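Asker: Each residue of the sequence shown is one higher than the one before, counting from 207 in the working numbering. Heads up, the beta-carbon is just placed ideally off N, CA and C, and yes, glycines get one too. This one's a predicted model, so the numbers in the text were calculated from it and none came from an experiment.
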Amino acid sequence: MSPSISIGVAVYNVKAYLSACLDSILRHTSEEIEVLVVDDASCDGSGGLCDSYAKRSPFIRVIHFPYNCGICAVRNTILREATGKWLFFVDGDDLLPEEFSAVAKSLLHLPYDLIFFDYISCQEQVFRHTASIGQPVIELSPQVLEAYCISCATGAPCRLADARLHSVRYTSVWAKAYRRAFLLEQNLWFPEKQEKSQDVLFNTLVYYACRSAAYIPVVMYGYRKHPNSVCNRYHSDFLPGMEQLMERNLAHITEFFPGREDLLDDFLHYRVAGILLDTMRLSIFHPDNPMKYHQRRQAFHALLEYPRFSECLANLDLTCYWLERQFLLNCARKRRFFLLTLAYRYPWILKGYGGIMHRKKYWKAKWMWGYHANETGQYYRPHL
């Protein structure tokens, strides 16, 4: 009997978190659900731990790479080797809920190319959330998929009128079920030479090609936050991977949405500005950066000379960002290295600034002009 569901687990140096991940998956293995674990030449013992779990279940298969190939090669191998109708991507430091198999098996009759689910962020070793089975299937329109595609390509926030979709994590590949035949028919693969932000590039292609999709508001994934994750650890070479991302983003915008100058503006205001902020956070101002103060200052000024960043700062529209980002980008525009050093070293400064400015904005709007805040934090003036 061929499995109907494939769970593909990407593993690289996550031994401290891997047992909890595989334990949360092992309980779901059966003839209907296969687990494909791909170890990207881990050097912390993760590979041996994967093998020990494979001995405990005939439905777990482990593939070891002889050398480190990157997450794109891992996920392409999962896509190539999986046999199930539906494919779920899982990172080796995350978790699946107890109700995963029951919900996943209920998908078999659904006709969609892609199904979105909810997720929760957690720090525990055990998934403590109980999913609510039997939630309605919300079919997504072509306009919603286009909005997701544009947001992945430009980095601009996706503002949808349907409040039911506001919690959808459309940029990542986890918390989703991909119909494997659809991916293969459309020749959709991860860009193997892309070092960072692979998910948004892959999903840009998926949303552009997708013919039908749905959202089921059930928590099907536990995303674990920890300081050693790729989103938090120090990167000495962060910018080259981001240059790849920006080039591919621009290629997608011009190919999929020709003549849309507004999207090029969004790309500058959101994607480029976001990468500038990430480069400062994960490289120059990261606490693990070994460079001396004056070396980091030189690197900071050199970073601002990068053509796309200098263009972004020259055309900065601070209304596009929330208060903390406004502060950071304004400091970058004015080259306030010392202030940025303090802000990144002591995060409470940013939180305090955001809180003070938000309250100032609120009271100014309410008492000077009679404005009130609605449930989304936007200010309006009631009709008298």
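Report, in whole angstroms, the separation of the C-beta atoms of TYR325 and VAL243, which I expect to be a contact under 8 Å.
Answerer: Their Cβ separation, rounded to whole angstroms, is 21 Å, which puts TYR325 and VAL243 out of contact at 8 Å.
Asker: Would GLY298 and TYR223 qualify as a contact pair, given that the criterion is a beta-carbon distance under 8 Å?
Answerer: Contact: yes.
Asker: Count the C-beta pairs between the stretch 231-239 and the stretch 262-280 that are closer than 8 Å, then say yes if the count reaches three, no if not.
Answerer: Yes, since at least three Cβ pairs between the stretch 231-239 and the stretch 262-280 fall closer than 8 Å, the two stretches touch.
Asker: Tell me whether GLU581 is buried or exposed, calling it buried when 16 or more other Cβ atoms sit within 10 Å of its Cβ.
Answerer: With a pLDDT of 47 at GLU581, under the threshold of 50, the modelled position of that residue is not reliable, and the figure given next carries that caveat. Classification of GLU581: exposed, given that the 10 Å Cβ count is below 16.
Asker: Inspect the beta-carbon positions of ASP246 and ASN282 and report whether they are closer than 8 Å.
Answerer: Result no, Cβ atoms of ASP246 and ASN282 do not sit closer than 8 Å.
Asker: How is the alpha helix (DSSP H) around GLY361 delimited, first residue to last?
Answerer: First-last for GLY361: undefined, no H or E at that position.
Asker: Using CA atoms only, rank isn't needed, just tell me which of ALA367, GLY361, ASP300 is closest to LEU482.
Answerer: Checked all of ALA367, GLY361, ASP300; the closest Cα to LEU482 is GLY361.
Asker: HIS492: buried (16+ other C-beta within 10 angstroms of its C-beta) or exposed?
Answerer: The residue is buried, with at least 16 neighbouring Cβ atoms inside 10 Å.
Asker: Spell out a yes or no on whether the stretch 492-507 and the stretch 456-468 are touching, meaning 3 or more CB-CB pairs, one atom from each, closer than 8 Å.
Answerer: No: fewer than three Cβ pairs fall under 8 Å.
Asker: Helix, strand or coil, according to DSSP, for PRO423 in the structure here?
Answerer: Strand at PRO423.
Asker: Helix, strand or coil: how does DSSP classify LYS382 here?
Answerer: Correct three-state label for LYS382: strand.
Asker: Does DSSP put MET415 in a helix, in a strand, or in coil?
Answerer: Note that residue 415 is Ala in the sequence shown, not Met. Correct three-state label for ALA415: helix.
Asker: Going by other Cβ atoms of all chains shown within 10 Å of its Cβ, with 16 needed for buried, is LYS540 buried or exposed?
Answerer: It counts as exposed.
Asker: How would you label ASP472, buried or exposed, when you count the other beta carbons within 10 angstroms and need 16 or more for buried?
Answerer: Per the 10 Å Cβ criterion, buried.
Asker: Select from SER418, ILE277, LEU534, GLU287 the residue whose C-alpha is nearest the C-alpha of SER208.
Answerer: The candidate whose alpha carbon is nearest that of SER208 is GLU287.
Asker: Identify, in the order they occur along the chain, each residue of the same chain with its Cβ nearer than 6 Å to the Cβ of GLY447, setting aside the five sequence neighbours on each side.
Answerer: Within the same chain, GLY447 has close Cβ partners GLU401, LYS402.
Asker: For CYS278, I'd like the list of residues in its chain whose CB is within less than 7 Å of its CB, leaving aside the five on either flank, ordered along the chain.
Answerer: Cβ within range, chain order: PHE396, PRO397, GLU398, GLN400, GLN404.
Asker: Look at the alpha carbon of GLU304 and the alpha carbon of PHE544, and state the distance between them as a whole number of angstroms.
Answerer: About 48 Å.
Asker: Starting from ARG267, follow its DSSP beta bridges and name the residues at the other end.
Answerer: Note: ARG267 sits in a beta bridge opposite LEU242.
Asker: With a threshold of 16 other CB atoms inside 10 Å of the CB of ARG499, please say whether the residue is buried or exposed.
Answerer: According to the sequence displayed, residue 499 carries Tyr and not Arg. Exposed, because fewer than 16 other Cβ atoms sit within 10 Å of the Cβ of TYR499.
Asker: Within 10 angstroms of its Cβ, does MET486 collect 16 or more other Cβ (buried), or is it exposed?
Answerer: Flag for MET486 reads buried.
Asker: Exposed or buried, which one is LYS382 when buried takes at least 16 other CB atoms within 10 Å?
Answerer: Burial call: buried.
Asker: So, at 7 Å on beta carbons, what are the nonlocal neighbours of LEU474 in its own chain, with the 5 sequence-adjacent residues on each side left out?
Answerer: Taken in chain order, the residues that qualify are GLU517, CYS518, ASN521.
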